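Protein chains in written order, with the UniProt record's numbering: chain A, 1 to 980; chain H, 1 to 980. We treat Cβ as the ideally placed atom computed from N, Cα and C, and that holds for glycine. All values reported here derive from a predicted model rather than from experimental measurement.
2 protein chains.
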Amino acid sequence: MKYFAFFLFVLLFAVDTKPTEAVCGYESCPETKPNFVNIHLVPHSHDDAGWLKTVDQYFYGHKNNIQHAGVQYIIDTVVSELIKDPKRRFIQVETSFFAKWWKQQSETVKQVVKKLVNEGRLEFTNGAWSMNDEAAVNYHSVIDQFTVGLKFLDETFGACARPRVGWQIDPFGHSREQASLYAQMGYDGEFFSRMDHKDKARRMEDLSLEMIWDASESLSDAKLFTGLLYSSYWETSGFCFDVLCRDDPIIDGDSYDNNVQTRVDDFIAYAAKVAAKFRTTHIMIPLGGDFQYEDAHINYKNMDKLIKYVNARQANGSHYNIFYSTPGCYLNSVHKGLQSYPNKTQDFFPYASDSNSFWTGYYTSRPTQKRFERDGNHMLQTAKQLSVFADLKSEQQKEDLDYLRQIMGVMQNHAAITGTEKQAVSNDYDRLLYDAIIGAARNAQDALRVLTNLPDGEFESCLQLNISECAFTQDSADNVVVTLFNPLAHTTSQYVRVPVKEENYQVTDEKGRLVASEVVPVAWQVLALRFRKNTTQHELVFKASVNKIASYHIKKVVRRKGNAIFRPKRLKKVVTNNDEESETVLQTSLIKLVIDNNSGLLKTVEMNGLVEDIEQNFGVYNTKGSCLYSFREDEPMSVLSNDVKLAVYDGDLVKEVHQEFNEWISQVIRIYKGVNRVEFEWLIGPIPQTNPKEVITVFDSGISSEGTFYTDSNGRETIKRERDKREDFTPDLENQPTSANYYPVTSRIYLQDNRKRMVLLNDRSQGGTSMNDGELELMLHRSVLSTNEVQSVADLFDSDLDQGRIAHGKLFLILNALAKKNTVVERLSEKEIHLPFWKFFSSYSKVNRNAAAKPLPDFNLLPKSVHLLTLEPFTDDEVLLRVENFLDHIEGNVVSFNIRQIFDGLGGVEIRETTLDGNMPLSEMKRFKFHAEGSGAVSTEAEFYTAAHKALSADSSMEASEFSVTLNPMQIRTFIIRKK
Amino acid sequence: MKYFAFFLFVLLFAVDTKPTEAVCGYESCPETKPNFVNIHLVPHSHDDAGWLKTVDQYFYGHKNNIQHAGVQYIIDTVVSELIKDPKRRFIQVETSFFAKWWKQQSETVKQVVKKLVNEGRLEFTNGAWSMNDEAAVNYHSVIDQFTVGLKFLDETFGACARPRVGWQIDPFGHSREQASLYAQMGYDGEFFSRMDHKDKARRMEDLSLEMIWDASESLSDAKLFTGLLYSSYWETSGFCFDVLCRDDPIIDGDSYDNNVQTRVDDFIAYAAKVAAKFRTTHIMIPLGGDFQYEDAHINYKNMDKLIKYVNARQANGSHYNIFYSTPGCYLNSVHKGLQSYPNKTQDFFPYASDSNSFWTGYYTSRPTQKRFERDGNHMLQTAKQLSVFADLKSEQQKEDLDYLRQIMGVMQNHAAITGTEKQAVSNDYDRLLYDAIIGAARNAQDALRVLTNLPDGEFESCLQLNISECAFTQDSADNVVVTLFNPLAHTTSQYVRVPVKEENYQVTDEKGRLVASEVVPVAWQVLALRFRKNTTQHELVFKASVNKIASYHIKKVVRRKGNAIFRPKRLKKVVTNNDEESETVLQTSLIKLVIDNNSGLLKTVEMNGLVEDIEQNFGVYNTKGSCLYSFREDEPMSVLSNDVKLAVYDGDLVKEVHQEFNEWISQVIRIYKGVNRVEFEWLIGPIPQTNPKEVITVFDSGISSEGTFYTDSNGRETIKRERDKREDFTPDLENQPTSANYYPVTSRIYLQDNRKRMVLLNDRSQGGTSMNDGELELMLHRSVLSTNEVQSVADLFDSDLDQGRIAHGKLFLILNALAKKNTVVERLSEKEIHLPFWKFFSSYSKVNRNAAAKPLPDFNLLPKSVHLLTLEPFTDDEVLLRVENFLDHIEGNVVSFNIRQIFDGLGGVEIRETTLDGNMPLSEMKRFKFHAEGSGAVSTEAEFYTAAHKALSADSSMEASEFSVTLNPMQIRTFIIRKK
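Right, here's the structure in full:
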């Protein structure tokens, strides 16, 4: 390919007669014509980071028998086509694919692409590592994956590559938090193409397809221009020129088939239809679709002709003006249009594509994968922080950390965390994430060796603790040290569970002090046991208190009668079922649970000074119409029979009720001494394949919630839901009354009356609702037919969906008095659930010596409502620090603190504040401001937002007071600290 | 696209540091390695000029719902890819598509392509206008379509573009004449990929996939290297990288899916299998297929990798060496290999792809289209000659003539004349050919106005004379002049038939002399009449004698009793059927026919001093398994019932028996006064659709043919066929005994014993055989299910096949004594059938004056066995003249004659002899000579053929004797005459 390189080299320098000067961004936008309908033609390709094929299969065009798609060729041929004409444009959306491609290019090709980027011809749009889902993702991982994508672009191309608009054209519903994050990253707007069909129909009529989304109740500037595409992103009315399509090309030659007249007629008729639905004289027509532009030549050859012949009509009085453009350039034109737009305050869930298809199944689909993704984030934050503390810098270490960052970016893809991918792809995601976690775990290991000054320590991570397996504790648990890492800012106490073979262990802390511990049996239901090949049938439980790092020594002890060695308490197994007259009571100083011995179900919860009858049960929807995307209720939900087998383990530290509902559903209800929440550890599966089912858990209380309940938005702000209602339209409830009321629950769902609130926190995303007052429902597991919402791809899904998989997880119940500040405990619990201690295991023999551990910066000085959202290596001599006030304007207050000590602790010499993603100095942020309807007269000049506060910028020579940080409710601030 | 132009411009001159010097042809071939298996990787695309889609649909990529194919993109992207690396190669085969593409290119792109051609990177292969069929084509049209294709290449690119090898990879069987023509055009060899499966299997074993084809029994140098591709042309064992394919790409990146090892293993294993079947150390692996390379980038990117990684193994001792190459370069290497090869003397018909699939149906499929193509040639030769005589030179005239040349080229395509195209495509061929004939007819009209000096003459052509329709004679036949043009060299007498409304006409010649004429009724069967909306129910018959041009005046006369005006004889209608005891006898001085009045069938033929009982009947094969390609016999053939309705018209000039066999089959048996052949005018259709049928005519005689019969090869040399036998292998006769004995009959089929021969001449190509001694069978019409031989495209064929169409045509029977020279009458008849007088009609009022006609050169001086094969404008001041000795070495002798008079008559100043196609001076022809097995020791040096005689090259200043021409039996010589 040397010749090719030379050829591009020649091109590059031959074309550039004057010194290169980047004219990108809005300055590079095509000229438009006043008094014309300006048609912004946007060539784009929608390249899923995994769906029917794996990421690499998509990239390389492998397994085209499954789906014809090869991203390498898309970028190759698009670049070739862009070179040919400076008017041509293309938007690159998925940075993961672009980065993979970039890595394989010669220096000369890279130079050419840089030129294209610098001239706005190749415009990065959205720019995150993948096009993330918006229902099942946690904001933490969304921020991370934008950081990764935008950082790649910034490091590779500089400011010209910075995306201006969000482009979430495929996700199946849209969250308010996503819009809020866009605003915090300085985006000027976002576009998408899926919306409830009734909402869209109304907006078509009202010319309200474009709106101003007030994306936060707490943050004042989180307002984002949001546009719905006129049509589905892949559908432009017969004008798909792609090699994958069958629409007629433009035939302008001397041919019997010459069709210029009719093709231009049809296109202008389409444009007229579009133009009638928008407020300015600009319309955007995207030309592209799934994996299009693999043979970009075809697309551009025909689009060139389309542009030529549409504009040629201007000579005959046509007022249509068409040109290559980008969503950014379209938005720029719209911004200059000085129109006002309707307001939007809630979100776009659930998405109904028709009256029978509510895409709510994917909130829960593939629950094990949804959980594994959380493990990935857990490891990622652990490894990031440890890498900063230990200053890991080897190429391998950087590569390993980057790899997990990237794979976590992939996992946010709208066909990954959603569980809507093909089974083989799901398996590949597992492989990728597993490998990436292993790599990052190596970094954590390296870091701990440095930080503990114990270079022989194994610091092994056990990735199967969720099923109480750990080779390390199984094989050498007689004398093990577990080192706990706390990713949170503040010192916390948590109960730690370690799978062990036997029953006799003692636990000591770093100072050799005995720590109270108990052994409980692992509760695996009959069917599940078949799939579990393990001999560790117990878990050792003890409470640990950790600032950042702490180690505990677990030692097997001989069970000798009467000797001095501590003898763990063997829990008494009390079978209480069939004992009709009695109740079972579990009680700590904080909580009292009453179990109905007759039904075997939870009956009453007492905590926080409140008593409430809460019955918890499991239910199933028998379904034929559901798929990985949508939950379609064929019959009403039926709860399981009230014949639950019980076993109770009543210890000092932990009290557990083991419930067996049937062969494939069981649960442990658990309370810990000193912990103010009730834990429900459910175990479901394999769901019998003969009769597809969706399994829910339901908590029924007497709280008068009056049709109202609340769910989080991507784990951050809360959105109020009213049963059977939407903000902007009347939903179609006739066919799917339940599914129509399902919402994504990423971290919590609750309901309340004027006295009490019942809160459920979960450990992964799930769909949930409240179909009756006082009742909360969460979907935990699903077994669906192998069909797909999208008819045409139905047969591409194979039948071996892993519905047979056993899912296992936890819910946490908090019953609380309704008082503003009471939610703090919920928020703190959320953080602990999301980022608990990470456990590292070493042989006692390897770490059995006193070593002077490296001192770490102390984050305890941060106010309690401040979360250490991110601490990670940014460049070789820079660290990214992100702090968040995790209480909203109702729950919390403005907090101020000084980060000089942390800055010094990290060895900082300079600090600068950036947009949320870390890649743009906050002082440079200047976002489009649009005028909301009903907020006074429209300005006569285009308006902008800048940062609401002065960006922090300081160095170590400055006064400590210069390091003061104020956080409004829900505010996140991002800093880059340069180190010595 | 100005920018693109500039970009290529820069490229062109930047890369060319030294002055351009063409190194093309064999000199540009890649280096090979001794002691290696040299793998010639040949990128190619097989682009049908119509098949499932029309020519323009294929070119533009229109109607991709029918088949994904767009030739414009193929050439666009291939050129883009070739530019990138001088090692890359591509062969362009179909010149029709290339020429259409070329016309749309900018000057700069053209310069780039010239460079690619001049460096052998884009190599034209085959180079004819289309890839012609070899069964149903007449050699006349094959020569023409090669002339058109090669002329375009020569005029556009010069000698570097001249193809070296034939590339007939798709046609369904291969003719010896095609090989002979290749040799006469100076080709070094030909390659194809379809051969009877048993023949191929044997050749695989014998290493005789490559052979020396002794392609003429009369011409000594017509020996051609012929190679069968190892595999089907579109099948290379999992290595199709095309955008249309699904094979795995080569994944060489840092990927879990990296497959370099296995892909290279697999490829080398495949190459080893191929290498084992060939005689030299070179193998050819074509990579391509139907309409591949639409996204050439994908192909080249992966082929680059394949080459890289296969050759990389050489470092570890691999002896496989792979590089981009062409069939020409492969053949060049083989030629240097100095091997000997087996001989081949017959042809490759019929083609059986398996034991149940003999592709013999297409010899007859779409009989009306096959006939219309002959009309096209008829008009083409007429217009060519007239254009030369009248020296037509306007742009419009040249364009019109070129258009018919080109469309006739398209009609030779192996999915056109074969009738194997989709119905809509067949309709489009009709449209194209009709338009082209109309254009050429305009030229003929213009020429006649000049040549007759009658500028007001209409000289209208009637294109529906085959169904006895002509608007001109119907509407104004009261006073019409018919001007006859004779395309043959010699003055001939033929009976002329003109459809007329009434019954009373007189005919006079140019000198006003009365010409004997008769009126006969048109014999249209009941069903057929439904489809014929016409009031001309008679044909006026008279005998005309024409050198090149002659006119006859037809005038309606009043039928007045006893007056002086000539009163045409009304033929007596004699119904003889059901008259059990009698025979009907039709007799002229040359022929006596006896019809059995009981059966209504022909019974005895007496002519040329012989009497033979010959029964003629129609038969049908009821079939379910047949398709447009193959004829599959489900049940034995059944002859029609012997209950034929008869009507006899016994005139002085013409005697006719009208036979009606059933509602949809009828026939006229006809003899003319002074004409020594019996005419059978059959009329078949619409074939009832309920029961698919193939309709044959069968002539049963008492001649002891002993399993042997003879068919022509593309209308030229005769090939002996032995029932149930093949030259090189034992055919599989079990399933399809009849179809396995079917052969293409382009112009004649005959059988003989030691005394008599029975010859059938036809008016279009048909399939035929002799299943019983003394019996000849020809398939005339077919109604088949809409399925296709190729399973995968079966559903692409729509159901509205025009089987309902009525076919109508003529056969000519000659019963002759077995004597060498007696065949001359057959040969002469063939020429008259192929190129009869063309009829032009004018109103008498417009041409009713004496005008001095322009004198024309006289071709009567040519010996009787010499055919004026071609006389056509070549360039503005050049004329192409082609003369053929149409008798073979058994039938005729060497003839000599002098063409000075013709040269002068054409206004010649210089003459040069060329290869058969007219584009290469014969003196420059130098063809590869290969060593045939068993013909002595292999030479130690590569050998070549040059022209067997000294090329004629003269000018008007030279002695007349210098213009002497000698023609061996079957020899064709081609001259370019430069005019004043």
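(request) Compare the C-alpha of Q689 (chain A) against each of A:A942, A:S713 and A:K624 and name the closest. (result) The count along the first sequence starts at 1 and reaches residue 689 (chain A) at position 689. Selected option, being the one with the closest Cα: A:K624.
(request) Taking only beta carbons into account, state which residues of the stretch 119-138 of chain A come closer than 8 angstroms to chain H, listed in chain order. (result) none
(request) Kindly say whether N65 (chain A), judged by its beta-carbon, lies nearer than 9 angstroms to any beta-carbon of chain H. (result) Indexing the first sequence from 1 puts residue 65 (chain A) at position 65. Closer than 9 angstroms to some Cβ of chain H, the Cβ of N65 (chain A) qualifies, so yes.
(request) Report the residue from A:W129, A:D478 and A:E775 whose alpha carbon sits nearest the alpha carbon of V613 (chain A). (result) Against the first sequence, residue 613 (chain A) aligns to sequence position 613. In the sequence on display, residue 613 (chain A) carries Asp and not Val. Residue A:E775 is the option with its Cα nearest to D613 (chain A).
(message) Rounded to the nearest angstrom, what separates H62 (chain A) and E294 (chain A) at their Cα positions?
(response) Mapped onto the first sequence, residue 62 (chain A) falls at position 62. Mapped onto the first sequence, residue 294 (chain A) falls at position 294. Those two C-alpha atoms are separated by around 13 angstroms.
(message) So with CB distances below 7 angstroms, who are the chain H contacts of V243 (chain A)?
(response) By one-based count along the first sequence, residue 243 (chain A) stands at place 243. The contacting residues are V243, E294 and D295.
(request) Only counting runs of 3 or more residues, tell me where the beta strand (DSSP E) segments fall wholly within the stretch 862-926 of chain A, in order along the chain. (result) 866-875, 878-885, 895-898 and 908-914
(request) Rank A:N132, A:H174, A:R89 and A:F291 by C-alpha distance to the C-alpha of S45 (chain A) and give the top, closest one. (result) If you number the first sequence from 1, residue 45 (chain A) lands on position 45. Here the closest residue by C-alpha is A:F291.
(message) Within a Cβ cutoff of 6 angstroms, which residues of the same chain sit near A740 (chain A), ignoring the five residues on either side of it in sequence?
(response) The residue you call residue 740 (chain A) lines up with position 740 of the first sequence. For A740 (chain A), where only same-chain residues beyond five positions count, the Cβ hits under 6 angstroms are F358, P731 and L733.
(request) Please list, in chain order, all residues of the same chain as S792 (chain A) whose beta carbon is under 6 angstroms from its beta carbon, the five residues on each side excluded. (result) Reading the first sequence from its first residue, position 792 is the one you call residue 792 (chain A). Any reading at S792 (chain A) must be qualified, since the residue scores a pLDDT of 36, below 50, and its modelled position is unreliable; no value is offered.
(request) Below 7 angstroms CB to CB, which residues in the same chain sit around V334 (chain H) once its five sequence neighbours on both sides are set aside? (result) Stepping through the second sequence from its first residue, residue 334 (chain H) is reached at position 334. Excluding sequence neighbours, V334 (chain H) sits near T280 and H282.
(request) Could you tell me which chain H residues have their CB closer than 7 angstroms to the CB of D56 (chain A), listed as they occur along the chain? (result) Translated into the one-based positions of the first sequence, residue 56 (chain A) becomes position 56. Going along chain H in sequence order, the residues near D56 (chain A) (Cβ under 7 angstroms) are S255, Y256 and D257.
(message) How far does the beta strand (DSSP E) with K831 (chain H) in it extend, from its first residue to its last?
(response) If you number the second sequence from 1, residue 831 (chain H) lands on position 831. Taken as a continuous stretch (DSSP letters only), K831 (chain H) belongs to no beta strand (DSSP E), being part of the alpha helix (DSSP H) at T823 to H834.
(message) Relative to the C-alpha of M925 (chain A), which candidate in A:Q587, A:V480 and A:Y945 has its C-alpha closest?
(response) Translated into the one-based positions of the first sequence, residue 925 (chain A) becomes position 925. The residue with the shortest Cα to Cα distance from M925 (chain A) is A:Y945.
(message) Suppose contacts are defined by Cβ-Cβ distances below 9 angstroms. Is F239 (chain H) in contact with D247 (chain H) by that definition?
(response) Counting from 1 along the second sequence, the entry for residue 239 (chain H) is found at position 239. Counting from 1 along the second sequence, the entry for residue 247 (chain H) is found at position 247. Result yes, Cβ atoms of F239 (chain H) and D247 (chain H) sit closer than 9 angstroms.
(message) Please report the straight-line C-alpha distance between F840 (chain A) and Q474 (chain A), rounded to a whole angstrom.
(response) For the purposes of this step, residue 840 (chain A) is taken as the residue at position 840 of the first sequence. For the purposes of this step, residue 474 (chain A) is taken as the residue at position 474 of the first sequence. C-alpha separation (whole angstroms): 14 angstroms.
(request) Note down, in chain order, each residue of its chain lying with its Cβ closer than 6 angstroms to the Cβ of S701 (chain H), except the 5 sequence neighbours on either side. (result) Reading the second sequence from its first residue, position 701 is the one you call residue 701 (chain H). E612, I614, M758 and G774.
(request) Locate the alpha helix (DSSP H) running through L404 (chain A), then write down its first and last residues. (result) Mapped onto the first sequence, residue 404 (chain A) falls at position 404. From DSSP, the alpha helix (DSSP H) with L404 (chain A) extends over E395 to M411.
(message) Distance check for I890 (chain A) and I902 (chain A), CA to CA, integer angstroms please.
(response) Here residue 902 (chain A) is taken as the residue at index 902 of the first sequence, counted from 1. Here residue 890 (chain A) is taken as the residue at index 890 of the first sequence, counted from 1. One C-alpha to the other measures close to 29 angstroms.
(request) Answer with yes or no whether the minimum CB distance from I749 (chain A) to chain H is below 9 angstroms. (result) Here residue 749 (chain A) refers to the residue found at position 749 of the first sequence. No, I749 (chain A) lies away from the interface with chain H (no Cβ there is under 9 angstroms from its Cβ).
(request) Locate the alpha helix (DSSP H) running through I75 (chain A), then write down its first and last residues. (result) Sequence index remark: in the first sequence, residue 75 (chain A) carries index 75 (1-based). Looking at the DSSP string, the run of the alpha helix (DSSP H) that includes I75 (chain A) is V71 to K84.
(request) Find the nearest neighbour of F323 (chain H) within the set H:R121, H:S843 and H:K980, judged by alpha-carbon distance. (result) As a working mapping, residue 323 (chain H) is identified with position 323 in the second sequence. Looking at the Cα atoms, H:R121 is the closest of the given residues.
(message) Helix, strand or coil for A49 (chain H)? Go by DSSP, reduced to three states.
(response) In the second sequence, the residue the question calls residue 49 (chain H) occupies position 49. Here A49 (chain H) sits in coil by DSSP.
(request) Confirm, please, whether the CB-CB distance from V698 (chain H) to L778 (chain H) is below 9 angstroms. (result) Indexing the second sequence from 1 puts residue 778 (chain H) at position 778. Indexing the second sequence from 1 puts residue 698 (chain H) at position 698. Yes, Cβ-Cβ distance for L778 (chain H) and V698 (chain H) is below 9 angstroms.
(message) 9 angstroms is my cut-off, CB to CB: does S106 (chain H) come that close to chain A?
(response) The residue labelled residue 106 (chain H) in the question sits at position 106 within the second sequence. No - not a single Cβ of chain A is within 9 angstroms of the one on S106 (chain H).
(message) Does chain A have any CB closer than 9 angstroms to the CB of G70 (chain H)?
(response) Sequence index remark: in the second sequence, residue 70 (chain H) carries index 70 (1-based). Yes, G70 (chain H) counts as interfacial toward chain A.
(request) Would you give the residue range spanned by the alpha helix (DSSP H) that K839 (chain H) belongs to? (result) Residue 839 (chain H) sits at position 839 when you count from the first residue of the second sequence. First-last for K839 (chain H): W838 to S843, but that is the beta strand (DSSP E), not the alpha helix (DSSP H).
(message) At the level of alpha carbons, what is the spacing between Q57 (chain A) and P350 (chain H)?
(response) Sequence index remark: in the first sequence, residue 57 (chain A) carries index 57 (1-based). Sequence index remark: in the second sequence, residue 350 (chain H) carries index 350 (1-based). Going from the Cα of Q57 (chain A) to the Cα of P350 (chain H) covers about 45 angstroms.
(request) Report the partner residues of I322 (chain H) according to the DSSP bridge assignment. (result) What you label residue 322 (chain H) is simply residue 322 of the second sequence in a count that begins at 1. DSSP lists H:I39 as partners of I322 (chain H).
(request) Using a cut-off of 7 angstroms between C-beta atoms, extract the partners of D248 (chain A) located in chain H. (result) The residue given as residue 248 (chain A) occupies position 248 in the first sequence. Correct list: H62.
(message) Just to make sure I have the definition right: I need the residues of chain H whose C-beta is within less than 9 angstroms of the C-beta of D76 (chain A). Which are they?
(response) Taking the first residue of the first sequence as 1, we reach residue 76 (chain A) at position 76. The contacting residues are H297, I298 and K301.
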